[in-house]
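For the sequence shown, position 88 matches number 88 in the UniProt record's numbering, and the numbering has no gaps at all.
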Amino acid sequence: MNIRIYAALMILLLAACTKEKDTVVNDEEINRLTYIIDDNKFNFSSFSTALGRTSYRVQLTQPGPFTVLVPDNNAFNKAGYPDNQSVLKQSGAILNNLVSYHIVNGIWELNKLPFKFNQEITAITGAKMYVTRWVKGADTVLTINGSPVLAYNLSASNGLIQVLNNVLQPLVHQTLSDAISSDTTLTFLNVALQQAGMKDLLNDNASYTVFAPSNQAFRQAGFSSIDSINNTSAQALRQLLLYHLFSGRKFVYDYILTTGISDQSEQAMQNGNNVTVTLLKSGVKYTGINLKGPGNKTAAAVVTPNVLAGNGVLHIIDQVLKENQ
């Protein structure tokens with residue numbers, strides 16, 4: 001849905017909800033963030049339920065101001081919460097981390113940020129997130145951690161609401177190295193990085209984007225076991241791994257915003273060679289990307305996109321990218 005239409009519908013719905021309030025309550029209280037989130041049950045009930053399990057509900061009744069990034073109910077569905085009961089069953093600690101990552105101190109009018117990729121802002125807890133404002137075709141697009149903003153700058157008396165189409169995943173790992181070593185589907189990659197002497201690179205303060213082959217991807221590429229990786233020369237592994245990362249932070253949606261009408265672009269990797277990136281579509285809607293090196297017979301799919309770490313972003317893929325046949 002066009003962002004302007006979505007925003008207009010949201011504003012009309014919020015206005016209708018506000019009018020139904022008891023006139024004894026003053027306008028400022030009626031228009032607090034918590035009232036607006038609670039009243040908009042059709043779109044925000046899952047987030048409202050999560051908010052109610054935390055102390056942040058009380059905080060959002062205070063003067064603030066705050067900017068609240070509210071994933072709509074469809075976003076919660078995609079994240080594995082089909083209804084409010086499933087949210088209620090989630091652990092309090094997980095919901096506290098989730099909700100806190102969606103609240104920012106102050107007024108953030110995202111549509112007034114510069115036209116720039118991945119501008120850093122911080123959640124109320126100090127955790128980092130990244131906002132992009134860019135133009136795609138006739139539309140100006142806003143994303144947070146690569147997730148499109150469906151409606152922006154919905155006003156409350158103590159702040160703003162930005163509506164997201166995905167639940168943001170709170171930052172768990174400070175480094176890409178930690179993110180890889182903690183993921184049991186990336187054991188082969190972790191050993192390969194150790195064998196190649198590259199673990200320190202991904203512990204560095206410099207940011208990187210890593211296309212991370214899963215364990216099954218390594219097996220399909222001929223590495224039948226961890227021993228087979230340990231028996232491969234450090235130089236050969238280093239050459240392979242440098243074709244799976246590059247400097248800078250890039251989310252999947254960043255490719256959608258920057259790729260032209262051909263729906264295909266080239267990504268320069270750390271070793272100087274290119275990977276072909278192709279946009280995926282369902283009807284007229286872009287849904288993701290796949291990747292292909294000259295040596296890959298078929299394109300690699302992104303199994304898990306946009307795993308955020310303190311020094312970059314990780315995308316888990318189902319093939320090892322190959323430079324040569």
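By construction, the Cβ of each residue, glycine as well, lies at the ideal position given by its N, Cα and C atoms. If you're wondering where the values come from, they're calculated on a predicted model, not measured in any experiment.
Check                                                                                                                  : Outcome
Delimiting residues of the alpha helix (DSSP H) encompassing S181                                                      : 176-181
Secondary structure of V172, DSSP reduced to three states                                                              : coil
CB contact flag (L234, A196, <7 Å)                                                                                     : It is Ala, not Leu, that sits at residue 234 in the sequence shown. In contact: A234 and A196 (Cβ atoms closer than 7 Å).
Rounded straight-line distance, which links the Cα of N306 to that of Y253                                             : 9 Å
Through-space distance from S157 to S214, alpha-carbon basis                                                           : 47 Å
Residues near A299 in its chain [Cβ-Cβ closer than 7 Å; skip 5 each side]                                              : T278, N290, L291, K292
The stretch 200-220 touching the stretch 309-324, judged by at least three CB pairs closer than 8 Å                    : yes
Distance, Q85 Cα to A138 Cα                                                                                            : 40 Å
Inter-residue spacing [alpha-carbon to alpha-carbon] between I317 and L189                                             : 11 Å
Outcome for D83 when other beta-carbon atoms lying within 10 angstroms are tallied against a minimum of 16             : exposed
Identity of the residue in S247, S182, T49 nearest V87 by Cα                                                           : T49
A236 versus D72, R32, M198, residue with shortest Cα-Cα distance                                                       : M198
Endpoints, the beta strand (DSSP E) within which F211 is located                                                       : 208-213
Cβ distance (whole Å) where L168 is taken to contact L142 below 8 Å                                                    : Actually they do not touch by this definition, with Cβ atoms about 14 Å apart.
contact_flag[the stretch 89-106, the stretch 117-130] where n(CB pairs < 8 Å) is 3 or more                             : yes
Which listed residue (F47, T132, N74) has its alpha carbon closest to that of residue 396                              : Residue 396 cannot be examined here, being either before or after the span of the chain that is shown, 1 to 325.
P71 classed as buried or exposed, judged by whether at least 16 other C-beta atoms fall within 10 angstroms            : buried
Three-state class that DSSP yields for Q195 in the structure shown                                                     : helix
Contiguous beta strand (DSSP E) assignments of at least 3 residues, all confined to the UniProt domain "FAS1" (31-168) : 66-71, 103-105, 116-122, 128-136, 139-144, 147-156, 159-164
Whether T184 touches N203 by CB criterion (7 Å)                                                                        : no
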